[in-house]
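*Asks:* Numbering (our numbering), first residue to last: 11 to 118.
A virtual CB, placed ideally from N, CA and C, is assigned to each residue, including glycine.
Structure below; questions to follow.
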Amino acid sequence: MDIHDYVELIALILWVISVIGIGILSRVHFKNKQLEEFRNTADKLMKSYVCLYDKENLSNMQKINRVGNAVVDGLEAKGFKLNEQEVQDIFAEVAKQMNKQHDTQDKQ
Numbered sequence: 011m012d013i014h015d016y017v018e019l020i021a022l023i024l025w026v027i028s029v030i031g032i033g034i035l036s037r038v039h040f041k042n043k044q045l046e047e048f049r050n051t052a053d054k055l056m057k058s059y060v061c062l063y064d065k066e067n068l069s070n071m072q073k074i075n076r077v078g079n080a081v082v083d084g085l086e087a088k089g090f091k092l093n094e095q096e097v098q099d100i101f102a103e104v105a106k107q108m109n110k111q112h113d114t115q116d117k118q
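This is the structure we're talking about:
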């Protein structure tokens, strides 16, 4: 093997490394994009359902359960698969949004 063969071998190795790197980076980018879409969708659903159920004459716990279930159902209808921890996080965020909305209403 002469120097020309080594240069071609190094070029081939660099090409393979770059293809693998592009594959990994595109997968990470796609996953981050999907997570951002999930967050935006959950946030929009949560805010709209909190406003909707806030007008009903229910206890706060009933409102939180209804809003949380509606958000989970809406996300699953859009194709997102949720695990138990994500469902608990959604319910916690719904409770936080409900308290935040009540605080702003009390100040007005």
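Which residues bound the alpha helix (DSSP H) around residue 70?
*Replies:* Numbered from 1 along the sequence shown, position 60 holds the residue referred to as residue 70. Where residue 70 is concerned, the enclosing alpha helix (DSSP H) stretches over 70-87.
*Asks:* Look at the alpha carbon of residue 20 and the alpha carbon of residue 46, and state the distance between them as a whole number of angstroms.
*Replies:* The residue given as residue 20 occupies position 10 in the sequence shown. The residue given as residue 46 occupies position 36 in the sequence shown. Near 38 Å, if we compare the C-alpha coordinates of residue 46 and residue 20.
*Asks:* Using only the alpha-carbon positions, how far apart do residue 48 and residue 11 sit?
*Replies:* Counted from its first residue, the sequence shown places residue 48 at position 38. Counted from its first residue, the sequence shown places residue 11 at position 1. Each residue's alpha carbon lies about 54 Å from the other.
*Asks:* Can you give the Cα-Cα distance for residue 22 and residue 15, rounded to whole angstroms?
*Replies:* Numbered from 1 along the sequence shown, position 12 holds the residue referred to as residue 22. Numbered from 1 along the sequence shown, position 5 holds the residue referred to as residue 15. Each residue's Cα considered, the two are about 10 Å apart.
*Asks:* Rounding to the nearest angstrom, what Cα-Cα distance links residue 40 and residue 53 in this structure?
*Replies:* Taking the first residue of the sequence shown as 1, we reach residue 40 at position 30. Taking the first residue of the sequence shown as 1, we reach residue 53 at position 43. Roughly 20 Å between the two C-alpha positions.
*Asks:* Take the Cβ of residue 71 as the centre, count every other Cβ of all protein chains shown within 10 Å, and call the residue buried at 16 or more, exposed below.
*Replies:* Working through the sequence shown from its first residue, we reach residue 71 at position 61. Counting Cβ neighbours within 10 Å, residue 71 comes out exposed, since fewer than 16 surround it.
*Asks:* Using a Cβ-Cβ cutoff of less than 7 Å, which residues in the same chain neighbour residue 99 once the five nearest sequence positions on both sides are dropped?
*Replies:* For the purposes of this step, residue 99 is taken as the residue at position 89 of the sequence shown. Contacts found: none.
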